[in-house]
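Here the structure is laid out as structure tokens; the discussion comes afterwards.
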Amino acid sequence: MLGNNKGEKTSSTFELMMHSTEEENASFSSMTEVGLQVWDEQSKDLSVYTSVTGLLNDRQFGMILFVLLSISQLCGVVALIGNSLSITVFVRLGFSEPSNISLVALAASDLACIVLSIWTNSCFLLSSMDVRLPFDAINVSYLTGSAPCAFINRTVAWITAFISFERCLCILVPLKVKKLITSKSTLTAMIIIVIFTFCPGIVTFIRNKFAWVFYPYLNATILDVVPTGNEFIDQIGYIVIIICGFIQPLLAFFIVLMCTIFLIIQLRKLSFWRKSVTSAKSQWQHQPGKNPAPNSPTTQDRISNKEERLVRMVVAIATIFIVSYTPTCIMLLCSTIFDEFAYFGIYKRMYIVCGLTTFLTQTISGGVNILIYYYMASKFRSALRCLLCLDRQ
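Taking the numbering used here, the leading residue of the sequence shown gets 7, the next gets one more, and so forth.
Shown next as structure tokens:
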């Protein structure tokens, strides 16, 4: 009886070991199959775009990549510090003014974009130096860096559009703007913009997933990004890409452009009005026996000066945004017109270079804003100097 029990236990243990071994072999074979499929696809893509040497050969691509990544990393660190200081200063100033809320949201969005850009650039640098990592640097950085950065860039675009439109309302309906634009309404608008721009991008994370993949040519299992293969999700993702990846940023760019043109025209009119009022006041005062002009600029003029400085600051922010976001719009139009101008197209290298260039311009745009705040906002300048202990008093 004891012998039979021992035999039964041994046979059951052996069966469990065989069953677990079969499961491990099955999972290993599936990983190998996925790895072979990915390897075949990458080999096909490699053979396609390396055969096109008229645009960028290996040496040109490597040099451009290294220069762009190095400059982007340097600018990213500077912009990271600048936006961190901007957020700290605006928080110290408080949110009694609605404009501070939108400017904090803009600085926070820029900060998130810069962090993701630094991570993406680091992955590209490690990949270009052939550093062996436990994950595919390019593919993993796409899902954890490039894609979220693109979503947040649209958030930056729409926040800039909101700030520009808010200044237009201050000029068009100055008596009603304080009732329309409050701290509560501005905070609500910021939340809606984040949901409107970022949430549709969740489809990108649903279409792809992280998986451990065995690559025969590496003889190693690494973490990679593979598609889920759900046709329904892929169809939804295609629609989302058209709406969120093309229409959203271009519409925000158009709103910022139109509002900036309107604000510049109004600033010129205001400047002309000031000159005419000053000239009329001077002529009136030079006439003997005349009292000062009743409509001479006093308190109302000082209020207009304050609004004018704020409008000029918004125009400067919007202008820098337009200049930095123009390459992104051109890239979106080219990727829509030319199917092969894509990450998995014939012009993959050119697409990567253009994408990194847009990252660089947007990083510079996010880092320059603190200089605009410093030179055009007296309260911000005083608070920043106090924060950095630059005031002797």
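Glycine included, every Cβ here is placed at the ideal spot set by N, Cα and C. Quick caveat: nothing in here was measured; it's all calculated off a predicted structure.
Classify residue i as helix, strand or coil using the three-state DSSP reduction.
i: THR234; result: coil
i: ASN159; result: helix
i: SER36; result: Annotation note: pLDDT 48 at SER36 (below 50); position unreliable, coordinate value reported separately. Helix.
i: VAL219; result: strand
i: ALA383; result: coil
i: ILE271; result: helix
i: ALA226; result: strand
i: PHE101; result: coil
i: ASN127; result: helix
i: PHE327; result: helix
i: ASN145; result: helix
i: ASN214; result: strand
i: ALA258; result: helix
i: ASP240; result: helix
i: ARG138; result: coil
i: ILE177; result: helix
i: THR367; result: helix
i: THR166; result: helix
i: TYR353; result: coil
i: VAL67; result: Note that residue 67 corresponds to Phe in the displayed sequence, not to Val. In the structure shown, PHE67 sits in a helix (DSSP, three-state: H, G or I).
i: THR342; result: helix
So, under 8 Å CB-CB, residue i and residue j are touching, yes? Tell me the CB distance rounded to an integer number of Å.
i: LEU62; j: MET337; result: Actually they do not touch by this definition, with Cβ atoms about 16 Å apart.
i: VAL246; j: VAL200; result: Between VAL200 and VAL246 the Cβ distance is about 16 Å, and since that is not below 8 Å, they are no contact.
i: ALA163; j: ALA258; result: 4 Å
i: THR192; j: ILE323; result: About 16 Å separates the two Cβ atoms, so there is no contact after all.
i: SER102; j: MET196; result: Not really, about 16 Å apart at Cβ, beyond 8 Å.
i: ILE239; j: ILE212; result: 6 Å
i: PHE157; j: THR203; result: 6 Å
i: CYS155; j: LEU366; result: With a Cβ gap of about 12 Å, CYS155 and LEU366 do not count as contacting.
i: SER115; j: THR161; result: 5 Å
i: GLY207; j: ALA153; result: 7 Å
i: SER282; j: PHE327; result: Rounded, the Cβ-Cβ distance is 32 Å, inconsistent with contact.
Inspect the beta-carbon positions of residue i and residue j and report whether they are closer than 9 Å.
i: SER123; j: GLN272; result: no
i: CYS176; j: LEU316; result: yes
i: ILE376; j: GLY88; result: yes
i: LEU71; j: PHE130; result: yes
i: ASP397; j: SER384; result: no
i: PHE96; j: ALA113; result: yes
i: THR266; j: VAL179; result: no
i: LEU75; j: ASN127; result: yes
i: CYS335; j: PHE268; result: no
i: VAL262; j: TYR353; result: no
i: TYR380; j: LEU390; result: yes
i: GLY68; j: SER133; result: no
Using only alpha-carbon positions, find the residue among the options that is nearest to residue i.
i: VAL231; options: ILE197, ASN225, LYS215; result: LYS215
i: PHE150; options: VAL121, GLU172, SER134; result: At residue 150 the sequence reads Thr, which differs from the Phe that was named. Residue VAL121 is the option with its Cα nearest to THR150.
i: SER341; options: LEU186, ILE358, ILE187, THR188; result: ILE358
i: PRO233; options: SER92, VAL146, GLY100; result: VAL146
i: THR478; options: TRP125, TRP279, ASP116, ILE270; result: There is simply no residue 478 to check, as the chain begins at 7 and stops at 399 in what is shown.
i: LEU224; options: ILE249, SER282, ARG274, ASP136; result: ASP136
i: THR364; options: ILE242, CYS395, TYR380, VAL329; result: VAL329
i: VAL83; options: LEU339, VAL374, GLY361; result: VAL374
i: PRO333; options: GLU346, GLU314, GLY361, SER78; result: GLY361
i: CYS205; options: MET264, GLY243, LEU132; result: GLY243
i: VAL183; options: VAL73, SER78, GLU313, SER92; result: GLU313
i: LEU256; options: THR194, ILE198, LEU339; result: LEU339
Is residue i near the ligand COA - that is, is its Cβ less than 8 Å away from at least one heavy atom of it?
i: PHE259; result: This structure lacks the ligand COA, and indeed carries no ligand of any kind.
Can you tell me whether residue i is buried or exposed, with buried defined as 16 or more other CB within 10 angstroms of its CB?
i: VAL110; result: buried
i: SER57; result: For SER57, the predicted model reports a pLDDT of 39, less than 50, meaning its position is unreliable; a value from the coordinates is still stated below. With fewer than 16 other Cβ atoms within 10 Å, it is exposed.
i: ARG138; result: exposed
i: MET319; result: buried
i: PHE386; result: buried
i: GLN254; result: buried
i: CYS250; result: buried
i: ASN106; result: buried
i: PRO104; result: buried
i: ALA226; result: exposed
i: PHE220; result: buried
i: ILE378; result: buried
i: ALA143; result: buried
i: ILE248; result: exposed
i: ILE187; result: buried
Is residue i close to chain B, meaning its C-beta is less than 9 Å from at least one C-beta of that chain?
i: ASP240; result: Note that chain B does not occur in the displayed structure, where there is just one protein chain.
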